[in-house]
Amino acid sequence: MTADAAARRTVVTCPHCGSRNRVPSVAGGFPRCGSCRNPLPWITDAGDDDFAAVAEQPSVPVLVDLWATWCGPCRMVSPVLEQLATERAGSIKLVKVDVDRAPATGTRFQVRAVPTLLVLRDGEVVARQPGAAPVATLRRWLDDALAGLDPPVPSPPAPGPDETEESP
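For any residue, its number in my numbering is found by taking its place in the sequence shown, counting from 1, and adding 177.
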């Protein structure tokens, strides 16, 4: 694991209570709100150097978005994926990979078009969706991919007060 991956945190607003929480890119279990203790959406970026630590180690399934900044359909599907990750908080982790900045990861997964979506469990691809699709199609695809997987491992205790920022 790289030091960057271990130290990187994303600030996530809890959809239940509005508190802002710092969520680590790499952790066991899944993140919970420091205020209300509900599961938080786990959304982070990864590159070639930290993909293994960020996307292959979690105890929850990982939805990988292989995208590019110049790709219009990628920009359209990104908020849909964030919505799906929020709806499934505590059940999945969304990892976004810019294939122009992480070409080895794109090559590893044989990306021929962007966006390419993957579901990983224990580092293995269990589902693949090349190209953008309507929200209903992506929701059904993700539900089908997750249906045959083991449920997530319980989360560790919620972060302490130093891990949570209050909403303004």
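Even glycine gets a Cβ: it sits at the ideal position worked out from N, Cα and C.
Quick check on this structure: which residue in the options has the alpha carbon closest to the alpha carbon of residue i?
{"i": "D320", "options": "P208, G206 and V239", "result": "V239"}
{"i": "V272", "options": "V257, L243 and R316", "result": "L243"}
{"i": "G205", "options": "N215, T187, H193 and E233", "result": "E233"}
{"i": "D226", "options": "P280, W247 and T246", "result": "P280"}
{"i": "E132", "options": "T282, G300, Q306 and L217", "result": "Here the chain covers residues 178 to 345 and nothing more, so residue 132 does not appear."}
{"i": "C210", "options": "L258, H193 and L297", "result": "H193"}
{"i": "L258", "options": "N198, W219 and P208", "result": "W219"}
{"i": "R186", "options": "A245, R214, T221 and R317", "result": "T221"}
{"i": "R214", "options": "S202, S196 and V203", "result": "S196"}
Give me the Cβ distance between residue i and residue j, rounded to the nearest whole Å; I'm assuming they're in contact under 8 Å.
{"i": "G224", "j": "V274", "result": "7 Å"}
{"i": "L315", "j": "V241", "result": "The Cβ separation is near 13 Å, so there is no contact."}
{"i": "K366", "j": "V237", "result": "With the chain represented from 178 up to 345, any question about residue 366 goes unanswered, as that position is not in the structure."}
{"i": "P355", "j": "A322", "result": "There is simply no residue 355 to check, as the chain begins at 178 and stops at 345 in what is shown."}
{"i": "D277", "j": "A245", "result": "5 Å"}
{"i": "R298", "j": "L261", "result": "With 8 Å as the limit, R298 and L261 do not qualify as a contact, their Cβ atoms being about 16 Å apart."}
{"i": "V200", "j": "V189", "result": "5 Å"}
{"i": "F207", "j": "G300", "result": "Contact flag wrong, Cβ pair sits at about 17 Å."}
With DSSP run on the structure shown, which of helix, strand or coil describes residue i?
{"i": "L350", "result": "Residue numbering for the chain in the displayed model covers 178 to 345; residue 350 lies beyond these limits and cannot be assessed."}
{"i": "V330", "result": "In this prediction, V330 scores a pLDDT of 45, lower than 50, which makes its location untrustworthy; no coordinate-derived value is stated."}
{"i": "Q287", "result": "coil"}
{"i": "P311", "result": "coil"}
{"i": "V302", "result": "strand"}
{"i": "V257", "result": "helix"}
{"i": "D277", "result": "coil"}
Beta carbon of residue i: closer than 7 Å to some heavy atom of the ligand MN?
{"i": "R316", "result": "Annotation note on the ligand MN: not contained in the displayed structure, which lists no ligands."}
Item to check | alpha helix (DSSP H) segments (min. 4 residues) lying fully within the segment 179 to 254 | outcome: 180 to 184 and 228 to 232
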